[in-house]
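Residue numbers (this note's numbering), protein chains in the order written: chain A, 5 to 334; chain B, 5 to 334. Idealized CB from N, CA, C, for every residue including glycine.
2 protein chains.
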Amino acid sequence: MRPTVAVIGAGSWGTTLASRCARHGSTTIWGLEDEVIEEINERRSNSRYLKGFELPTALRATRSMEEATRQAEVIVMAVPSPYFRAVLQQAAPFVRRSIPIVSVAKGLEPESLLRMTEVIAELLPDNPRAVLSGPNLAREIVAGYAAGAVVACRDAAVAEALQGLFKSGLYRVYTTHDVVGVEVAAALKNVVAIAAGMADGVGVGDNTRALVITRGLAELTRLGVAMGGEARTFAGLAGLGDLLATCMSPLSRNRHVGEQLGRGRKLEDIVAEMHMVAEGVHTCGLALELAKRHGVEMPIAREIHRVVHGEITALQAYRGLVRRPPGAET
Amino acid sequence: MRPTVAVIGAGSWGTTLASRCARHGSTTIWGLEDEVIEEINERRSNSRYLKGFELPTALRATRSMEEATRQAEVIVMAVPSPYFRAVLQQAAPFVRRSIPIVSVAKGLEPESLLRMTEVIAELLPDNPRAVLSGPNLAREIVAGYAAGAVVACRDAAVAEALQGLFKSGLYRVYTTHDVVGVEVAAALKNVVAIAAGMADGVGVGDNTRALVITRGLAELTRLGVAMGGEARTFAGLAGLGDLLATCMSPLSRNRHVGEQLGRGRKLEDIVAEMHMVAEGVHTCGLALELAKRHGVEMPIAREIHRVVHGEITALQAYRGLVRRPPGAET
């Protein structure tokens, strides 16, 4: 018995997850753009967001939120974090009270700095909330490469049900109860990705790069623990795993921004030629705001933030970091 | 007040550490090879192990163990793990009971599988024992790049004294009491380095490589915790940090071996053209032996071991790994 699934959001990751769910049970994908919805229904493809892949015939697409969600037994929210609340508000009137809402968005709500499951809790307080996260470049998963992720839910039975829904032989889904840790790690790891890219751009050695990534992850972990997460989640797939894929992938936008900053270029010039957003640029500010609220020191995030805002060069940031006396490791 | 230091071992890392200590206090380096000792004393260089760098004039070199150690207030053991016991046995009669012995060797004693501080404890049970480890490619440190390390000692006061001895503005030394964790992480991380190299060689995607490194580190952590270490040490400089430098450095021998195995080549052919040892090849066997003793599952180490020994191909190993059902992440 497979649940009826509604995937909200027809971008590359939403389309990937919807395709997987549609192989086993009734699945509907909701999107805003008429031409994307029509193409999925009529030509079994989504050339705007997932070019070159055939989608399963069982997958239905719709622009009607009511049609997508009324029968759903699981809702997957594949909407970018800035639009998460507005879209979920549209869905809320149709959603049954008992079904799990799974966030696959990486990021915090602007201004409020709420995690996505906190937004779900505000709008649908009775529904179980979960998160799916990990090193999951959508194109690689559609292409059939092995990958792993964690599904986090406070209710272990719901976590296991969702594990069964998403996992396959090549897509390894582990369970955890640490919702906070997974969301914070996913939302903030791009700060470290920019720092790692910057190390490449400045041309520091392998020792230094390893130092910056390790200590960067350590300071994210400190913040995550202060926010109620668990340290080991940051050493797992949602933290270290996602960070590694980002730091090693030549396709990573955040790593690229860091590298270009490291070479001494200005943020506005880098962003202008990218035609895409590198979320880590904003994440530095969010991380520092959270660090302040929770009384946590984040020297690496602070220096990166100053470089991003043109206050100092990447080289000066590196010099600044080594002026702090080291103490105990943890 | 800087202590009088004896560095035992005149390889690249011993010479690097001795040079640093000699800038601040009386330091003697001990080595076996006449021409290396003479060159250090007469020409302030060690062209065999650290070509192209000038050593401080204050550094004295000797072949006499008695001369090196009799006045020492700290002894740094920079000897490869297979020779560690024999060399320390030579030193033992001259070593004062109260002075710290610092191991900088990465590896376990063959056959006994003892950690280096356990070897020290057998030979010099009254001396405080410590370990220094981290992502420390010697040439980068001599060249003045920033790097970090941890010094581990059960006695916090000794750890802090050693931190003061080794650290500089660009070489960041953190303290920890987790001696076991640091030694196990340092000794076994090359298993994961080979796995990461193999991922490159097979041509799996960035998701898969991130998955293998993260889960590989998780299984090392499980073993380390079973042996009495702490999980967070494995997420620190001696674990993750050292692993990252190894996985990212094009110079890493273990990564190279993994990559060539991933391309389907045979171990003997790879090793024959390297003229150097890649310790990770032996480490797989050690890790599995320890896993057996401590009742820990290590599926990644097991598959890597089978590839190294030609029982299966790297591609088969990857397929084998994804056949295991995933459970809870930790």
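- Looking at 132(A), 79(A), 85(A) and 138(A), the one whose alpha-carbon comes closest to that of residue 114(A) is 85(A).
- C-alpha of residue 18(A) to C-alpha of residue 131(A): approximately 21 Å in a straight line.
- The DSSP-derived three-state label of residue 82(A) is coil.
- Listed by position along chain B, the residues whose Cβ is nearer than 9 Å to that of residue 135(A) form an empty set, because the closest Cβ is around 13 Å away.
- DSSP places residue 136(A) inside the beta strand (DSSP E), whose first and last residues are 133-137.
- Chain-order list of chain A residues neighbouring residue 311(B): empty, with the shortest C-beta distance near 16 Å, by a criterion of under 9 Å.
- In terms of beta-carbon proximity, residue 62(A) stays away from the interface with chain B, with every pair separated by 7 Å or more.
- Listed by position along chain A, the residues whose Cβ is nearer than 7 Å to that of residue 154(B) are 333.
- Of all residues in the stretch 140-152 of chain B, only 140, 141, 144, 145, 147, 149, 150, 151 and 152 come within less than 8 Å of chain A when Cβ atoms are compared, listed by chain position.
- CA-CA distance, residue 261(B) to residue 62(A), rounds to 45 Å.
- Just measuring C-alpha positions, the residue of 156(A), 12(A) and 64(A) sitting nearest residue 234(A) is 156(A).
- Under the three-state reduction of DSSP, residue 334(A) is assigned to coil, being neither helix nor strand.
- In the structure shown, residue 103(A) adopts coil according to DSSP, grouped into three states.
- Look at residue 210(A): its C-beta is under 7 Å from a C-beta on chain B.
- Using a CB distance cut-off of 7 Å, residue 184(B) does not count as an interface residue toward chain A.
- Ranked by Cα distance from residue 83(B), the options 250(B), 76(B), 97(B) and 112(B) are led by 112(B).
- In the three-state scheme derived from DSSP, where H, G and I count as helix and E and B as strand, residue 24(B) is classed as helix.
- If you look at residue 152(A), you'll find it isn't in any alpha helix (DSSP H); it sits in the beta strand (DSSP E) that goes 151-157.
- Excluding five sequence positions before and after residue 251(B), the CB atoms of its chain that fall closer than 7 Å to its own CB belong to 197, 200, 217 and 259, given in chain order.
- Contact between the stretch 222-231 of chain B and the stretch 182-194 of chain B is present: 3 or more CB-CB pairs across the two stretches fall below 8 Å.
- For residue 73(B), the CB contacts under 7 Å within the same chain, skipping 5 residues up- and downstream, are 10, 79, 95, 98 and 99 in chain order.
- For residue 256(A), same chain residues with a beta-carbon under 7 Å away, outside a window of 5 residues either side, are 197 and 250 in chain order.
- Within chain B, no C-beta atom comes nearer than 7 Å to that of residue 81(A); the closest sits roughly 21 Å away.
- Counting only residues of its own chain and dropping the five nearest sequence neighbours on each side, residue 58(B) has a CB closer than 7 Å to the CB of 48 and 49.
- At a cut-off of 7 Å, the C-beta of residue 245(A) has a neighbouring C-beta in chain B.
- When Cβ-Cβ separations below 7 Å define contact, residue 235(A) makes contact with chain B.
- Those residues of the stretch 167-184 of chain A placed with their C-beta closer than 8 Å to a C-beta in chain B are 167, 171, 173, 174, 176, 177, 178, 179 and 180, ordered along the chain.
- Chain-order list of chain A residues neighbouring residue 32(B): empty, with the shortest C-beta distance near 26 Å, by a criterion of under 7 Å.
- Counting along the chain, the unbroken alpha helix (DSSP H) around residue 191(A) starts and ends at 183-206.
- Note on geometry: alpha-carbon atoms of residue 172(A) and residue 30(A) lie some 17 Å from one another.
- A Cβ-Cβ contact shorter than 7 Å links residue 153(B) with residue 138(B).
- Taking C-beta atoms as the reference points, residue 170(A) and residue 120(A) fail to come closer than 7 Å.
- Distance from residue 180(A) to residue 237(A) at the Cβ level is roughly 6 Å; contact confirmed, criterion being Cβ atoms closer than 8 Å.
- Under the rule that a run must span 4 or more residues, the alpha helix (DSSP H) segments found entirely inside the stretch 42-73 of chain A read 69-73.
- Cβ-Cβ distances below 7 Å link residue 221(B) to 196, 238, 243, 244 and 247 in the same chain, with the five nearest sequence neighbours on each side left out; the list follows chain order.
- In the three-state reduction of the DSSP assignment, residue 326(A) falls in the helix class.
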